[in-house]
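Report on the structure given below.
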Amino acid sequence: AVIGGGLAGISAAYLLKQEGLRVAVLEADRICQGTTGHSTAKITSQHDLIYAWLDKEFGRERAQQYADANETAVKTMADIAKSQKIDCDFQWQPAYVYTEQDKYVEEIQKEAEIAAALGIAAEYVQDPGLPFAVKAALRFEGQAQFHPRKYVLALAQTIPGEGCEIYENTKVVGIEEGKINTISTDTDKKIRADKVVLATHFPIHDALGFYFARMYSERSYILGVRAEGKLPEGMFITAESPGRSLRTQAA
Numbered sequence: 043a044v045i046g047g048g049l050a051g052i053s054a055a056y057l058l059k060q061e062g063l064r065v066a067v068l069e070a071d072r073i074c075q076g077t078t079g080h081s082t083a084k085i086t087s088q089h090d091l092i093y094a095w096l097d098k099e100f101g102r103e104r105a106q107q108y109a110d111a112n113e114t115a116v117k118t119m120a121d122i123a124k125s126q127k128i129d130c131d132f133q134w135q136p137a138y139v140y141t142e143q144d145k146y147v148e149e150i151q152k153e154a155e156i157a158a159a160l161g162i163a164a165e166y167v168q169d170p171g172l173p174f175a176v177k178a179a180l181r182f183e184g185q186a187q188f189h190p191r192k193y194v195l196a197l198a199q200t201i202p203g204e205g206c207e208i209y210e211n212t213k214v215v216g217i218e219e220g221k222i223n224t225i226s227t228d229t230d231k232k233i234r235a236d237k238v239v240l241a242t243h244f245p246i247h248d249a250l251g252f253y254f255a256r257m258y259s260e261r262s263y264i265l266g267v268r269a270e271g272k273l274p275e276g277m278f279i280t281a282e283s284p285g286r287s288l289r290t291q292a293a
């Protein structure tokens, strides 16, 4: 069973079905109504300035695993969109982390060095082409942007059948772990599954880590505007906080 009907849950269900498994997706609301449907929709292995930190804190092997997993994820989504002929405004785009402050320049240079050593097509650039002054930027090639709802809703249509199904408006309230796991819903229904994938935004089941106690609320805002003149191709985010994320979208 897969709990959660966003990008992670629907993707997991699709891939599991491709391996011949029977899968049930359980979604408390409607699929793609949460974080996935309200994101800036970047498909990228560039997650702020993370690779130098991973290399320092956990070592080169762990940093390499993280890089490989995320680069593979980008390519997998591209392959799925192509093989399933999903019209989701998919576009290959470079991704940038940029700064307007001198104090981040050295960090960006180090990040470019480590990312490149991990096999990512990364480079340090001084001018990413933005219409305002930038001190430095890190560029990753081979990244992408898309329309998440178009992608997820189309992918979800491939799941029902051959013992697989999506159940919307099915809120999970408990999981009893065992050789066969028992999932309880708010309508007192029971679902039994050999394996359970938790793909919820909030950790509804905390077998490890007490993650619910570590969480804190955070809010972000998105604004769509028509820009004067031509903007550079690419997806952009600041190194400094508060973060500002920029990307273009065809009208």
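Each residue of the sequence shown is one higher than the one before, counting from 43 in the numbering used here.
We treat Cβ as the ideally placed atom computed from N, Cα and C, and that holds for glycine.
*Report the partner residues of K84 according to the DSSP bridge assignment.*
Q187
*Does DSSP put V116 in a helix, a strand or coil?*
helix
*In three-state terms, what does DSSP make of E218?*
strand
*Mind the definition here: the stretch 60 to 69 touches the stretch 196 to 209 only if three or more C-beta pairs lie below 8 Å; say whether that holds.*
The way I'd put it, the stretch 60 to 69 does touch the stretch 196 to 209; three or more beta-carbon pairs between them come closer than 8 Å.
*Distance CB(A179)-CB(Y193) smaller than 9 Å*: no
_9 Å Cβ cutoff met for A50 and G276_ = no
*Own chain residues within Cβ distance below 8 Å of H80, not counting five before or after*: I264
_Assumed close pair D131, A292 - CB separation to whole angstroms, cut-off 8 Å_ = 7 Å
*Excluding the 5 residues preceding and the 5 following D97 in the sequence, name in chain order all residues of the same chain whose CB lies nearer than 7 Å to its CB.*
A105, I156
*Close-in-space but distant-in-sequence residues of the same chain around F254 (CB under 8 Å, 5 per side omitted)*: F244, P245, D248
_Residues that DSSP places opposite S226 in a beta bridge_ = G216, K232
*What is the C-beta distance between F174 and I85, in whole angstroms, given that I count them as a contact (C-beta under 8 Å)?*
About 26 Å separates the two Cβ atoms, so there is no contact after all.
*Specify the secondary structure class of I279 as computed by DSSP and reduced to three states.*
strand
_Collapsed DSSP secondary structure at R181 in the structure displayed_ = DSSP, reduced to helix, strand and coil, places R181 within a strand of the structure shown.
*heavy atom of the ligand ZN below 8 Å from G51 C-beta*: The model on display carries no ligand, and the ligand ZN is accordingly not part of it.
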